[in-house]
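Going by our numbering, 19 is the number at position 38 of the sequence shown; the sequence numbering is gapless.
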Amino acid sequence: MTDWSSHFELLEQQGWVVVDQALPKDLVLKLFDECQFFWQSNAFKEAQVGRGSTKLKQPDIRGDSTYWLNSEQPSSACNEFLNWSQCFRQELNKRYFLGLNSEEFHFARYPIGAGYQKHMDQHQGQSKRKISLVLYLNQTWLPSDGGELCLYSPEHPTQETGRVLPLLGRLVLFRSDLIPHEVCPAGQIRWSLTGWFRTDFI
């Protein structure tokens, strides 16, 4: 069981934190298998940039394809992860009093050479996304493969503050409203589970 107290302290101090082996390895491997199943079933869709009617496919800006998780699919690993995320949301609320009441997650696949240019996860004029989460599902990864998640300073957006290799089971948390970040192009296909803890009020 991961002791989150020190990780939460680091999240508070710098706006992001990297945690290895946050979830059981067998769950991470099962998530990878289910991710492969959905990809082979042609369930992934090319990601777009923008919002609403302005959404466009711009692979030079964002080159991944995604499959969104939902609790109604007959997928044991996905449902196990969603159950974990609900419990983790409660831990975040206990620590930060954010009023988080929902989460959304998708699998992401970046083909060789694709990335995602620097951006923020909280869109301008919208404040529902509070905490971003990325869980890496890559079976093998070397530093020479690239594909890092680059994190930047909120005060100086050109200043890189962290560079994270997408290793199997590695989890990254960061403030959706605070941390500019980008996905660097990789030398092999890059798999992850990505999403946000949100405040959605009806």
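Don't be surprised by glycine CBs; every beta carbon is placed ideally from N, CA and C.
Beta-bridge pairing of W177 - partner residues as DSSP gives them: Taking the first residue of the sequence shown as 1, we reach residue 177 at position 196. E85, S113.
Sufficient close CB pairs (3 or more, under 8 Å) joining the stretch 86 to 93 to the stretch 166 to 181: Touching, yes.
Closest by C-alpha distance to P5, when choosing among W20, L149, P40: Stepping through the sequence shown from its first residue, residue 5 is reached at position 24. Residue L149 holds the alpha-carbon nearest to the alpha-carbon of P5 among W20, L149, P40.
One or two residues paired with K26 in a DSSP bridge: Counting from one through the sequence shown, the residue named residue 26 turns up at place 45. T47, per the DSSP bridge assignment.
DSSP three-state assignment for Q21, whether helix, strand or coil: Reading the sequence shown from its first residue, position 40 is the one you call residue 21. Helix.
Straight-line gap, L130 to C68 (C-alpha atoms, nearest Å): Locating residue 130 in the sequence shown gives position 149, counting from the first residue. Locating residue 68 in the sequence shown gives position 87, counting from the first residue. Each residue's Cα considered, the two are about 26 Å apart.
Local Cβ density within 10 Å of P161, reported as buried at 16 or more and exposed below that: In the sequence shown, counting from the first residue as 1, residue 161 sits at position 180. Around the beta carbon of P161, 16 or more other beta carbons lie within 10 angstroms, which makes this residue buried.
Backbone CA spacing between R144 and N51 [nearest angstrom]: Reading the sequence shown from its first residue, position 163 is the one you call residue 144. Reading the sequence shown from its first residue, position 70 is the one you call residue 51. Between R144 and N51, the C-alpha separation is close to 30 Å.
Start and end residues, beta strand (DSSP E) containing F78: The residue labelled residue 78 in the question sits at position 97 within the sequence shown. Run containing F78: none; DSSP gives neither H nor E here.
8 Å Cβ shell around N74 - same chain, five flanking residues per side excluded: Looking up residue 74 in the sequence shown gives position 93. Excluding sequence neighbours, N74 sits near G80, L81.
Simplified DSSP state of R151, which is helix, strand or coil: As a first step, residue 151 is located in the sequence shown; it is residue number 170 there, counting from the start. Coil at R151, not helix or strand.
Beta-carbon gap between T142 and Q(-5) smaller than 8 Å: Residue 142 sits at position 161 when you count from the first residue of the sequence shown. Residue -5 sits at position 14 when you count from the first residue of the sequence shown. A Cβ-Cβ contact shorter than 8 Å links T142 with Q(-5).
Close-in-space but distant-in-sequence residues of the same chain around L116 (CB under 6 Å, 5 per side omitted): Mapped onto the sequence shown, residue 116 falls at position 135. Excluding sequence positions up to five before and after L116, its CB lies within less than 6 Å of the CB of L152, L174, all in the same chain and listed in chain order.
Contact set for W20: own chain, Cβ-Cβ below 7 Å, skip 5 residues either direction: By 1-based counting over the sequence shown, the position of residue 20 is 39. Answer for W20: R90, listed in chain order.
Same chain, Cβ closer than 6 Å to F(-11), five either side skipped, listed in chain order: On the sequence shown, residue -11 is found 8 positions in, with the first residue counted as 1. Hits under 6 Å: R76.
Where L123 falls, given that 16 or more other Cβ within 10 Å makes a residue buried: In the sequence shown, residue 123 corresponds to position 142, counting from 1. Looking at its Cβ environment, which holds fewer than 16 other Cβ atoms inside 10 Å, L123 is exposed.
Distance CB(A167)-CB(I93) smaller than 8 Å: The residue you call residue 167 lines up with position 186 of the sequence shown. The residue you call residue 93 lines up with position 112 of the sequence shown. In this structure, I93 lies closer than 8 Å to A167 by Cβ.
Secondary structure of E141, DSSP reduced to three states: As a working mapping, residue 141 is identified with position 160 in the sequence shown. Per DSSP, reduced to three states, the secondary structure at E141 is strand.
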